[in-house]
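Just so you know, the working numbering puts 208 at position 208 of the sequence shown, and the rest follows in order with no gaps.
Using N, Cα and C, we set each Cβ at its ideal position, and we do this for glycine too.
Here the structure comes first, spelled out in structure tokens, and everything after it is commentary.
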Amino acid sequence: MEDQNITKEECSFLHIPYDDLIQEQLIGQGEFADVYRGRWRSRDKEVAIKILRLQHLNAETKKEFVNEMSIMCNIHYDHILNTFGASMEAERYVLVIEYMSLGSLYDVLRKQKRNLTWSDRWSIARQMINGINYLHLLPKPIIHRDIKSLNVLMTEQGDELIVKIADLGLAIIRHETSSSRSLHIVSIGTLPWKAPELLTIGKHTEASDVYALGIVLWELATEQLPYEDYDESTISAFVGGGDRLEIPTDVPVSFARLISSAWAHDPEQRLTCQQLLYLLNDNSSDSDTLINSQMWKRFDHDRSGYIERSELSEYLREIISNKSESSENTLQEITDEQLAEYSSLILRVFDSNGDGILQLSEMIKYSCYV
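In structure tokens, the structure reads:
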């Protein structure tokens with residue numbers, strides 16, 4: 001029988017009777033749920049059964065969480081974990097979700113010790129970012145709020161690694177026209193993955209999701225746990241002061257730049273997921289791209305990751321020259337004065353912090369429009 005405090009209209013998802021589920025093996029435990037591998041008896045389907053500890057919640061909060069379950073059940077995307085339905089009987093709240101045979105990315109990196117190639121890592125990164133990008137671009141965008149390697153689940157399909165984002169029940173729909181309400185059922189986020197601005201104002205945004213992705217990308221690159229053996233006060237001081245984990249020198253430069261572009265200290269300087277995909281899709285191939293091409297190396301003379309005004313003018317001249325050569329109509333030669341004026345305009349639009357140069361993230365934002 002369903003919880004009497006929840007109306008039928010609020011249960012816009014498949015109700016699965018609890019006795020239709022067979023629990024087989026405990027595969028995960030957390031502060032708010034136990035997860036079992038099991039079977040959905042009537043569908044003869046292998047599933048994961050997530051038993052939530054919701055008995056201490058008040059009626060209003062239960063309804064809010066039921067609303068979240070409804071949203072989860074109606075999201076269908078290749079890189080988002082499927083939620084098939086839920087059981088709500090006798091104060092027992094259970095989610096029936098897709099079973100991922102490899103467990104979490106955390107498990108793959110630290111327990112299974114798989115020999116991941118860089119091709120595997122690029123693929124995992126792309127799928128991960130695609131999943132979060134999908135959430136951010138929904139008509140009513142979803143901010144995940146708890147991105148970490150434990151919530152990135154994996155399975156195998158032939159020789160291919162499949163990646164899906166889990167635990168959307170921790171996310172809250174962000175309505176542009178109304179203030180969001182907190183869901184007081186979980187501790188949102190985990191400190192090593194928490195963006196620096198959350199240490200002060202505490203407001204989750206798409207940019208704070210991107211920061212957390214940056215930490216997970218670092219985990220993927222290093223196979224290490226972020227801030228292992230550091231206490232919370234040390235982590236907070238380190239991150240809040242603008243410091244970041246060291247990226248080993250054996251990590252490909254393009255992957256290191258992907259990490260740096262995601263965990264920039266200023267949220268305005270972080271790339272969006274869409275821009276990360278732009279950067280990732282270029283750098284994981286052998287194409288001649290803005291970041292790893294000889295053009296970038298030539299203009300960014302000191303490999304500092306930013307373009308000065310004079311370097312920007314040189315970059316613009318080459319773009320215009322290339323466009324002219326590829327066009328049937330030869331463009332009129334641009335003067336130095338015109339280049340300077342155009343460079344100033346670009347700086348005004350894309351120089352977010354007003355320092356007179358284009359940082360790497362600002363340059364990528366500009367390149368999306370070129």
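Which residues in the same chain as residue i place their Cβ atom closer than 8 angstroms to its Cβ, once the five residues preceding and following it in sequence are excluded?
i: Phe238; result: Tyr227 and Tyr230
i: Val108; result: Leu102, Arg114, Leu116 and Met154
i: Leu213; result: Met128, Ile129, Ile132, Ile147, Ala262, Cys273 and Leu276
i: His79; result: Gln127, Met128, Asn130, Gly131, Tyr134, Val163, Lys164 and Ile165
i: Glu24; result: Tyr36, Arg37, Gly38 and Arg39
Count the other C-beta atoms from every protein chain shown that fall within 10 angstroms of the C-beta of residue i, then say buried if there are 16 or more, exposed otherwise.
i: Ile172; result: Here Ile172 scores only 32 on pLDDT, less than 50, and its place in the model should not be relied on; the value that follows carries that caveat. Counting Cβ neighbours within 10 Å, Ile172 comes out buried, since at least 16 surround it.
i: His204; result: buried
i: Lys140; result: exposed
i: Glu119; result: Rather than Glu, the amino acid found at residue 119 in this sequence is Ser. The residue is exposed, with fewer than 16 neighbouring Cβ atoms inside 10 Å.
i: Phe13; result: buried
i: Lys45; result: exposed
i: Gln275; result: buried
i: Lys111; result: exposed
i: Ser233; result: exposed
i: Pro192; result: buried
i: Ala90; result: exposed
i: Thr249; result: exposed
i: Gly131; result: buried
i: Glu206; result: buried
i: Thr335; result: exposed
i: Gly241; result: exposed
i: Ile142; result: buried
i: Val66; result: buried
i: Ile49; result: buried
Just to confirm the assignment, what range does the alpha helix (DSSP H) spanning residue i have?
i: Val35; result: First-last for Val35: Ala33 to Trp40, but that is the beta strand (DSSP E), not the alpha helix (DSSP H).
i: Leu109; result: Leu105 to Arg110
Going by beta carbon distance, what residues of the same chain come within less than 7 angstroms of residue i, once the five residues before and after it are set aside?
i: Pro17; result: Ser87
i: Tyr342; result: Leu316
i: Ile22; result: Gly38, Arg39 and Arg41
i: Tyr211; result: Ala195, Ala262, Trp263 and Arg270
i: Leu245; result: Trp218 and Pro226
i: Asp167; result: Asp146 and Asn151
i: Tyr106; result: Ser149 and Leu150
i: Gly85; result: Phe13, Leu14, His15, Ile16, Cys73 and Val96
Residue i lies in the beta strand (DSSP E); which residues open and close that run?
i: Ile132; result: Unbroken run through Ile132 is the alpha helix (DSSP H), Trp118 to His136; no beta strand (DSSP E).
i: Tyr93; result: Arg92 to Glu98
i: Ile49; result: Lys45 to Leu52
i: Leu21; result: Leu21 to Gln29
i: Leu102; result: It is not in any beta strand (DSSP E) - Leu102 carries neither H nor E in the DSSP assignment.
i: Thr335; result: Unbroken run through Thr335: none, as it is neither H nor E.
i: Lys164; result: Glu160 to Ile165
i: Leu153; result: Val152 to Gln157
Excluding the 5 residues preceding and the 5 following residue i in the sequence, name in chain order all residues of the same chain whose CB lies nearer than 6 angstroms to its CB.
i: Thr7; result: Here the model assigns Thr7 a pLDDT of 46, short of 50, so the residue's position is not dependable, and the following value carries that caveat. Excluding sequence neighbours, Thr7 sits near nothing in its chain.
i: Ser236; result: Leu199
Quickly, what does DSSP pair residue i with across the bridge? List them, please.
i: His15; result: Ala86
i: Ile80; result: Ile165
*Could you name each continuous alpha helix (DSSP H) segment of 4 residues or more that falls completely within the stretch 188-275, going from the start of the chain to the end?*
206-222, 232-240 and 253-262
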